Amino acid sequence: IGGLKEKALAAKLAGVHTILVPKLNRRDLTEIPDTIKKDLTFHFVEHMEEVLPLALLDAAPDPPSAEPTDAGG
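Each residue of the sequence shown is one higher than the one before, starting from 1147 at the first, in this note's numbering.
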């Protein structure tokens, strides 16, 4: 991919903490200042089988509350 530094900065500003990067781009990590890399976790992947567990880790929504709520009715 191109522009890893810019993508990492955009992710950090958006509140993203985990970034998946093609393994071939590992060398590009040296171009990213430590101030941007701070609080970011980079996962270097080669195959989709590696991507899915990482990308879907927090994808499941919280289950609805079982407690009844007062809907005003």
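We treat Cβ as the ideally placed atom computed from N, Cα and C, and that holds for glycine.
On a predicted model such as this, the values are computed, not experimentally measured, just so you know.
Spatial distance of residue i from residue j (CA atoms)
| i | j | result |
| --- | --- | --- |
| T1164 | G1148 | 18 Å |
| L1175 | K1151 | 8 Å |
| L1200 | E1177 | 24 Å |
Neighbourhood of residue i by C-beta distance below 8 Å, restricted to the same chain and skipping five residues each side
| i | result |
| --- | --- |
| T1187 | H1163, T1164 and I1165 |
| D1185 | K1158 and H1163 |
Local conformation of residue i per DSSP, three classes
| i | result |
| --- | --- |
| V1191 | strand |
| I1178 | coil |
| V1197 | helix |
| L1166 | strand |
| L1186 | coil |
| A1154 | helix |
Cβ-based neighbour list, residue i, same chain, cut-off 6 Å, excluding 5 preceding and 5 following
| i | result |
| --- | --- |
| V1167 | F1188 and F1190 |
| R1172 | F1190 |
Assumed close pair residue i, residue j - CB separation to whole angstroms, cut-off 8 Å
| i | j | result |
| --- | --- | --- |
| I1182 | A1154 | 5 Å |
| V1195 | K1169 | Residue identity check: residue 1195 is Glu in the sequence provided, not Val. With 8 Å as the limit, E1195 and K1169 do not qualify as a contact, their Cβ atoms being about 13 Å apart. |
beta-carbon residue i near the ligand COA non-hydrogen atom, thresh 8 Å
| i | result |
| --- | --- |
| F1188 | Ligands displayed in this structure: none; no statement on the ligand COA is therefore possible. |
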